[in-house]
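Residues in the sequence shown are numbered from 0 upward in steps of one, following numbering that gives the first Met the number 0.
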Amino acid sequence: MANDVGSIPDLVQKKHDVGEVVKIICLGDSAVGKSKLMERFLMDEYRPQQMSTYALTLYHHQTTIGNKNVVVDFWDTAGQERFQSMHPSYYHKAHACIMVFDVQRKITYKNLYNWYKELREYRPEIPCCVVANKIDADLKMAQRSFNFGKKHGLPLYYVSAADGTNVVKMFRDMIKKALDYKQNPRDFIDEVLQELENFDLEKKEENSEADEDGLKTESPEFV
Ligand SMILES: Nc1nc2c(ncn2[C@@H]2O[C@H](COP(=O)(O)OP(=O)(O)O)[C@@H](O)[C@H]2O)c(=O)[nH]1
Ligand SMILES: [Mg+2]
Numbered sequence: 000m001a002n003d004v005g006s007i008p009d010l011v012q013k014k015h016d017v018g019e020v021v022k023i024i025c026l027g028d029s030a031v032g033k034s035k036l037m038e039r040f041l042m043d044e045y046r047p048q049q050m051s052t053y054a055l056t057l058y059h060h061q062t063t064i065g066n067k068n069v070v071v072d073f074w075d076t077a078g079q080e081r082f083q084s085m086h087p088s089y090y091h092k093a094h095a096c097i098m099v100f101d102v103q104r105k106i107t108y109k110n111l112y113n114w115y116k117e118l119r120e121y122r123p124e125i126p127c128c129v130v131a132n133k134i135d136a137d138l139k140m141a142q143r144s145f146n147f148g149k150k151h152g153l154p155l156y157y158v159s160a161a162d163g164t165n166v167v168k169m170f171r172d173m174i175k176k177a178l179d180y181k182q183n184p185r186d187f188i189d190e191v192l193q194e195l196e197n198f199d200l201e202k203k204e205e206n207s208e209a210d211e212d213g214l215k216t217e218s219p220e221f222v
């Protein structure tokens with residue numbers, strides 16, 4: 000009995016520690032370096048979960064932003080991008096998007112237009128950035144201005160998954176933006192989803208408070 004009483008606050012605490020969960024997706028042509036960027040950012044935590052049936056790789060990352068615990072689910076394509084289109088479920092409930100091109104292959108830059116169009120069909124409002132990858136291979140590219148970002152009001156990062164330039168900065172910025180979006184959605188459907196999530200959390204909290212007060216719904220004596 001004493002154990003029971005002691006364990007309840009622990010359980011409540013653990014539930015709160017999990018923090019917000021955000022989903023960040025990565026888009027761009029094959030071989031631009033999407034997977035390498037994730038691997039570089041996650042380094043030792045790198046334990047991807049291959050979902051080959053869905054042509055998908057998921058990476059889980061736990062971090063803190065301010066004093067908030069955040070769980071990030073990074074979604075990476077595993078080949079489906081060859082078809083220049085992703086399944087709608089890839090976009091579903093995403094909170095931010097990282098769009099990557101390869102500075103050595105012009106076509107991957109041109110194709111950003113298609114990726115961006117598809118993204119906005121499913122997620123009209125989520126924060127998005129443009130990533131010019133592989134600048135280690137051609138440093139002059141870091142001086143070039145790429146208009147795609149400016150045209151759509153998206154931040155541009157010059158990065159290298161190979162040597163790590165700007166990788167942490169870009170991911171940290173995007174995690175903050177994803178979190179900010181989740182907490183202040185600008186899309187009607189997202190607002191409703193967030194309300195439902197809050198409602199669910201409040202219900203769970205109410206139940207645990209009731210449990211703490213000894214108001215168990217099912218008492219072991221009656222089972
Ligand atoms: N030089 C250079 N090569 C890179 C960089 N990032 C990725 N690559 C290479 O590009 C190829 C494709 O990378 P990958 O991450 O599999 O691309 P994805 O298909 O977009 O996931 C691999 O051979 C990588 O080693 C980079 O920053 N610099
Ligand atoms: Mg890949």
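Even glycine gets a Cβ: it sits at the ideal position worked out from N, Cα and C.
Taking every protein chain shown into account, the CB of glycine 27 has 16 or more other CB atoms within 10 angstroms, so this residue is buried.
By the Cβ criterion, the stretch 30-40 is not in contact with the stretch 83-94, since fewer than three pairs of Cβ atoms, one from each stretch, lie closer than 8 Å. Inside the stretch 165-197, DSSP marks whole alpha helix (DSSP H) runs of 4 or more residues at positions 166-182, from first to last along the chain. If you draw a straight line from the Cα of asparagine 206 to the Cα of asparagine 197, it comes to about 14 Å. Unbroken alpha helix (DSSP H) stretches of 4 residues or longer found wholly inside the stretch 32-89: 33-41, given in chain order.
The shortest CA-to-CA distance from glutamine 61 to any of Arg81, Met169 and Val21 is the one to Val21. Not one heavy atom of ligand 2 is found less than 8 Å from the C-beta of lysine 105. In chain order, Ser29 place their CB closer than 6 Å to the CB of arginine 81, counting only its own chain and leaving out the 5 sequence neighbours on each side. Using a Cβ-Cβ distance cut-off of 8 Å, the stretch 109-122 and the stretch 176-183 are not in contact, since fewer than three pairs of beta carbons, one from each stretch, lie closer than that value. Counting along the chain, the unbroken alpha helix (DSSP H) around lysine 150 starts and ends at 146-151. Between the stretch 155-167 and the stretch 123-142, the count of C-beta pairs closer than 8 Å reaches three or more; the two stretches touch. Counting along the chain, the unbroken alpha helix (DSSP H) around leucine 118 starts and ends at 111-121.
Taking 8 Å as the cut-off, the C-beta of serine 88 does not count as close to any heavy atom of ligand 1. Each of Lys92, Asn66 and Ile64 was checked against the Cα of leucine 192, and the nearest Cα belongs to Lys92. Serine 144 has its Cβ no nearer than 8 Å to any heavy atom of ligand 2. For lysine 175, the CB stays at least 8 Å from every heavy atom of ligand 2. For lysine 22, DSSP records a beta bridge to Asp72.
Short of 7 Å from the beta carbon of leucine 153, and not among the five residues preceding or following it, lie these beta carbons of its own chain, in chain order: Cys127, Cys128 and Val129. Ranked by Cα distance from histidine 94, the options Asn110, Phe147, Val102 and Val70 are led by Val70.
In this structure, aspartate 75 lies near threonine 56, with their beta-carbon atoms less than 9 Å apart.
Under the three-state reduction of DSSP output, alanine 131 falls in the strand class.
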